[in-house]
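In order, the protein sequence lines correspond to chains A and B.
Residues 1 to 342 in UniProt numbering are what the first sequence lists, from first letter to last.
Residues 1 to 342 in UniProt numbering are what the second sequence lists, from first letter to last.
Every residue gets a Cβ at the ideal spot worked out from N, C-alpha and C, and that includes glycine.
Being a predicted model, the structure only gives us computed values, none of them experimental.
2 protein chains.
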Amino acid sequence: MKASARRASKPPGGVRLEDVARVAGVSPISVSRALGNPGRVSEAMRRKVAEAVAKTGFVLNSHASTLKSGRSTLIPVFVSSIQNAHFANALQGASDAFEGSRYHLVMAQTNYSDRLEQEMVDSVLPFKPAAVMFTGMVQSKGTRETLKRLAVPVMEMWDYSPTPIDMLVGFSNAEGGRLMGEHFGQRGFRKIAYAGRTRDRGAQRLAGFQEGLALYGSAPALVLPMEGPRTVADGGAALERILQQLPDCEAIFFATDSLALGAILRAAELEIEVPKTLAIAGYGDLDIARHIAPSLTTIHVGAYDMGLRAGKMLRARLESKELASTILRCPIQLEVRTSTTP
Amino acid sequence: MKASARRASKPPGGVRLEDVARVAGVSPISVSRALGNPGRVSEAMRRKVAEAVAKTGFVLNSHASTLKSGRSTLIPVFVSSIQNAHFANALQGASDAFEGSRYHLVMAQTNYSDRLEQEMVDSVLPFKPAAVMFTGMVQSKGTRETLKRLAVPVMEMWDYSPTPIDMLVGFSNAEGGRLMGEHFGQRGFRKIAYAGRTRDRGAQRLAGFQEGLALYGSAPALVLPMEGPRTVADGGAALERILQQLPDCEAIFFATDSLALGAILRAAELEIEVPKTLAIAGYGDLDIARHIAPSLTTIHVGAYDMGLRAGKMLRARLESKELASTILRCPIQLEVRTSTTP
DNA sequence: GTGAAAGCGCTAACAA
DNA sequence: TTGTTAGCGCTTTCAC
Numbered sequence: 001m002k003a004s005a006r007r008a009s010k011p012p013g014g015v016r017l018e019d020v021a022r023v024a025g026v027s028p029i030s031v032s033r034a035l036g037n038p039g040r041v042s043e044a045m046r047r048k049v050a051e052a053v054a055k056t057g058f059v060l061n062s063h064a065s066t067l068k069s070g071r072s073t074l075i076p077v078f079v080s081s082i083q084n085a086h087f088a089n090a091l092q093g094a095s096d097a098f099e100g101s102r103y104h105l106v107m108a109q110t111n112y113s114d115r116l117e118q119e120m121v122d123s124v125l126p127f128k129p130a131a132v133m134f135t136g137m138v139q140s141k142g143t144r145e146t147l148k149r150l151a152v153p154v155m156e157m158w159d160y161s162p163t164p165i166d167m168l169v170g171f172s173n174a175e176g177g178r179l180m181g182e183h184f185g186q187r188g189f190r191k192i193a194y195a196g197r198t199r200d201r202g203a204q205r206l207a208g209f210q211e212g213l214a215l216y217g218s219a220p221a222l223v224l225p226m227e228g229p230r231t232v233a234d235g236g237a238a239l240e241r242i243l244q245q246l247p248d249c250e251a252i253f254f255a256t257d258s259l260a261l262g263a264i265l266r267a268a269e270l271e272i273e274v275p276k277t278l279a280i281a282g283y284g285d286l287d288i289a290r291h292i293a294p295s296l297t298t299i300h301v302g303a304y305d306m307g308l309r310a311g312k313m314l315r316a317r318l319e320s321k322e323l324a325s326t327i328l329r330c331p332i333q334l335e336v337r338t339s340t341t342p
Numbered sequence: 001m002k003a004s005a006r007r008a009s010k011p012p013g014g015v016r017l018e019d020v021a022r023v024a025g026v027s028p029i030s031v032s033r034a035l036g037n038p039g040r041v042s043e044a045m046r047r048k049v050a051e052a053v054a055k056t057g058f059v060l061n062s063h064a065s066t067l068k069s070g071r072s073t074l075i076p077v078f079v080s081s082i083q084n085a086h087f088a089n090a091l092q093g094a095s096d097a098f099e100g101s102r103y104h105l106v107m108a109q110t111n112y113s114d115r116l117e118q119e120m121v122d123s124v125l126p127f128k129p130a131a132v133m134f135t136g137m138v139q140s141k142g143t144r145e146t147l148k149r150l151a152v153p154v155m156e157m158w159d160y161s162p163t164p165i166d167m168l169v170g171f172s173n174a175e176g177g178r179l180m181g182e183h184f185g186q187r188g189f190r191k192i193a194y195a196g197r198t199r200d201r202g203a204q205r206l207a208g209f210q211e212g213l214a215l216y217g218s219a220p221a222l223v224l225p226m227e228g229p230r231t232v233a234d235g236g237a238a239l240e241r242i243l244q245q246l247p248d249c250e251a252i253f254f255a256t257d258s259l260a261l262g263a264i265l266r267a268a269e270l271e272i273e274v275p276k277t278l279a280i281a282g283y284g285d286l287d288i289a290r291h292i293a294p295s296l297t298t299i300h301v302g303a304y305d306m307g308l309r310a311g312k313m314l315r316a317r318l319e320s321k322e323l324a325s326t327i328l329r330c331p332i333q334l335e336v337r338t339s340t341t342p
């Protein structure tokens with residue numbers, strides 16, 4: 001008896017489909033169908049199988065399933081850092097979009113490193129992912145090539161680029177910068193400083209900012225590049241450096257809210273009046289931005305919403321629904337608050 | 001020719017181990033060993049295989065690998081909400097602990113719901129996970145049973161409990177509450193209020209708080225339960241409700257920093273002097289807590305560090321290293337700042 | 001140190 | 001609607 005011979009030597013694997021089938025008195029494939037495609041079996045079959053599954057405590061082996069069917073349920077999501085509230089929000093949105101689906105998101109952190117990104121991508125390829133998501137554009141050429149060859153849906157998020165690998169849902173950093181530039185121009189600020197990253201999306205924000213200012217015949221008098229960490233404490237330090245280098249500075253645009261918040265708090269300690277003496281603006285609209293005093297003028301980016309849209313778009317594609325477009329530009333808004341207006 | 005027959009019909013699967021073996025002129029099993037157990041093959045073999053892999057662009061199929069070997073590389077991590085900065089930090093720590101290992105963390109959000117937790121746990125069982133991690137104790141009895149039967153390492157984090165399912169790395173919420181109770185007692189506050197969750201870890205914080213106050217013959221005059229969202233805005237609202245119900249309140253302990261920050265900001269608007277008229281304390285030590293004015297007295301919990309320790313402990317177990325203990329209590333600290341001391 | 005045979009648990013394709 | 005057959009791609013014996 002082959003079945004019982006197997007049964008006897010069965011500590012390793014646990015309950016198999018075959019065991020359920022035997023208990024239910026049906027064939028293994030019927031169990032498989034009742035579980036994975038309930039619409040294609042009779043009501044009676046469904047019940048018999050459900051009972052047998054409950055009785056045996058059967059748990060499907062997804063590795064076997066994926067191996068045979070060729071359809072994986074894993075979707076790696078690459079995030080620079082999950083400690084960044086915006087990325088966390090985006091991730092939450094993506095995660096919510098896939099709730100109740102057959103897919104699972106696998107987290108992969110790239111820590112802002114191209115090398116790590118490449119490594120992480122390589123390390124998830126053995127899973128034969130159903131799709132891949134990125135919070136941020138894929139920078140490295142090698143990784144882009146790898147992903148194109150993969151021939152699975154690739155979703156890039158956060159930024160807006162004319163040449164995504166495949167699908168894209170993002171904001172235009174240039175637009176955010178431009179909105180702030182126009183706002184500064186309208187307010188009539190002279191002696192303007194920019195502090196934050198000057199590469200990648202920082203570069204786009206800065207370029208947009210300059211563009212916006214240019215409409216008013218203005219330009220930043222000082223650019224303080226900050227490529228390292230950009231915490232609240234760094235914002236305070238940045239403020240001091242800017243005031244050293246540009247003592248009569250009238251307005252500063254920080255490329256992230258954390259920096260701007262740090263600057264506002266330090267300004268209070270230095271008894272510099274914001275916005276009267278110095279106007280301060282941020283980017284991102286953190287929860288705290290509207291609550292601090294003075295409340296922070298900033299660019300609102302709906303990260304959660306973006307993640308949700310991206311997740312839904314990708315899910316639709318995976319469930320082979322019609323897709324109107326594979327590129328989506330999320331709205332972005334200037335939030336004018338008291339840190340730039342009296 | 002079976003091989004070429006297969007080759008001809010080979011669009012689906014891509015390059016297989018067998019293809020690499022043919023190119024390298026060795027057997028499939030040798031390729032497998034060269035890749036997964038390089039120590040057990042000769043230098044020459046390793047080089048031949050490496051060349052053939054590069055030439056063919058081979059990517060291992062982890063589903064086949066796991067199916068055959070029975071050793072999965074997936075570790076689901078259950079988090080209530082990734083938007084909570086502490087949990088995000090813990091997750092980052094856990095993620096860092098597994099960097100460079102063969103394991104992959106799969107994110108699963110439970111949104112503070114027992115039902116969802118159970119569902120999510122069930123949904124990852126088909127992966128035959130190598131281990132399971134939880135940020136928080138597993139509450140539901142059903143899930144606890146499921147996990148015990150699973151017979152894989154289970155790591156619970158964040159809280160401290162005498163009866164974990166398996167492994168545990170956490171803080172004592174009761175201790176945090178007690179430290180704050182003692183601090184309030186020492187400062188001689190009367191008319192004391194507590195605001196925040198009063199269930200689960202909130203209950204522990206509150207109990208500890210009461211215990212600490214009791215040492216000074218004191219007790220909370222008001223407990224404001226907040227089981228719903230607890231954002232900065234909610235903290236401001238909570239402050240107002242407390243002042244309505246307890247107008248001569250001298251000190252408030254908020255169970256999270258967000259609430260306390262909201263209260264501090266609202267107090268400034270209401271022109272209530274902190275700490276002179278009203279002392280405010282929080283729990284968690286968010287980045288901003290030390291930067292706000294007045295800086296916030298709070299309980300410091302090293303979430304990143306905890307996640308890192310938990311990840312390392314679990315990794316050691318999976319790599320079958322000796323483990324001194326499977327339970328670890330992380331240090332917790334009272335950070336006395338100006339919001340409770342003049 | 002290397003290889004041959006077998007089968008992990010499941011589902012696609014075909015058949016009834 | 002249900003069942004039979006075959007094999008997904010790999011690694012575990014076991015042999016040499």
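Within-9 Å CB hit, residue i to chain A
i, result
"residue 7(B)", "Here the model assigns residue 7(B) a pLDDT of 34, short of 50, so the residue's position is not dependable and the matter cannot be decided."
"residue 149(B)", "yes"
"residue 74(B)", "yes"
"residue 104(B)", "yes"
"residue 338(B)", "no"
Chain-ordered neighbours of residue i on chain A, where CB pairs are closer than 8 Å
i, result
"residue 288(B)", "232, 261 and 288"
"residue 265(B)", "291, 292 and 293"
"residue 95(B)", "82, 107 and 109"
"residue 92(B)", "81, 82, 83 and 109"
"residue 268(B)", "293"
9 Å Cβ cutoff, residue i in contact with chain B
i, result
"residue 2(A)", "Any reading at residue 2(A) is ruled out, since the residue's pLDDT is 35, under 50, leaving its predicted position unreliable."
"residue 132(A)", "no"
"residue 11(A)", "With a pLDDT of 43 at residue 11(A), under the threshold of 50, the modelled position of that residue is not reliable, and the figure given next carries that caveat. Closer than 9 Å: no."
"residue 154(A)", "no"
"residue 77(A)", "yes"
"residue 258(A)", "yes"
"residue 216(A)", "no"
"residue 112(A)", "no"
"residue 283(A)", "no"
"residue 194(A)", "no"
Residue i: contacting residues in chain B (beta-carbon distance under 7 Å)
i, result
"residue 64(A)", "67"
"residue 127(A)", "62"
Residue from the options with nearest C-alpha to residue i
i, options, result
"residue 145(A)", "121(A), 158(A) and 130(A)", "121(A)"
"residue 287(B)", "278(B), 298(B) and 280(B)", "298(B)"
"residue 52(B)", "30(B), 69(B), 152(B) and 37(B)", "30(B)"
"residue 225(B)", "201(B), 58(B) and 136(B)", "201(B)"
"residue 86(A)", "203(A), 308(A) and 281(A)", "308(A)"
"residue 217(B)", "184(B), 196(B) and 199(B)", "184(B)"
"residue 36(A)", "24(A), 25(A), 50(A) and 23(A)", "50(A)"
"residue 100(A)", "315(A), 321(A), 333(A) and 160(A)", "315(A)"
"residue 294(B)", "97(A), 268(A) and 280(A)", "268(A)"
"residue 105(A)", "112(A), 164(A), 95(A) and 312(A)", "95(A)"
"residue 129(B)", "236(B), 153(B) and 228(B)", "153(B)"
"residue 81(B)", "192(B), 21(B), 75(B) and 90(B)", "90(B)"
Chain-ordered chain A contacts of residue i [CB-CB under 7 Å]
i, result
"residue 17(B)", "Neighbours of residue 17(B) on chain A: none; closest Cβ ~12 Å, over 7 Å."
"residue 59(B)", "125 and 126"
Cross-chain neighbours of residue i in chain B, by beta carbon under 9 Å
i, result
"residue 49(A)", "In chain order: nothing, as chain B lies at least about 16 Å away."
Contacts that residue i makes with chain B (C-beta to C-beta distance below 8 Å)
i, result
"residue 89(A)", "83"
Practice item. Identify each residue in the stretch 32 to 45 of chain B for which the Cβ-Cβ distance to at least one residue of chain A is less than 9 Å, and report them in chain order. Key: none
Practice item. Ignoring anything shorter than 3 residues or poking outside the stretch 258 to 324 of chain A, list the beta strand (DSSP E) runs there in chain order. Key: 279 to 281 and 298 to 301
Point to revise | Every unbroken alpha helix (DSSP H) within the stretch 151 to 236 of chain A, with a cutoff of 4 residues, ordered by chain | key: 173 to 187 and 200 to 214
Check your understanding: Between the stretch 225 to 256 of chain B and chain A, which residues of the former have a C-beta closer than 8 Å to a C-beta of the latter?
Key -> 231, 232, 233 and 236
Exercise for review: List in chain order: all unbroken alpha helix (DSSP H) runs of 4+ residues lying wholly within the stretch 42 to 110 of chain B.
Suggested key: 43 to 56, 62 to 69 and 85 to 97
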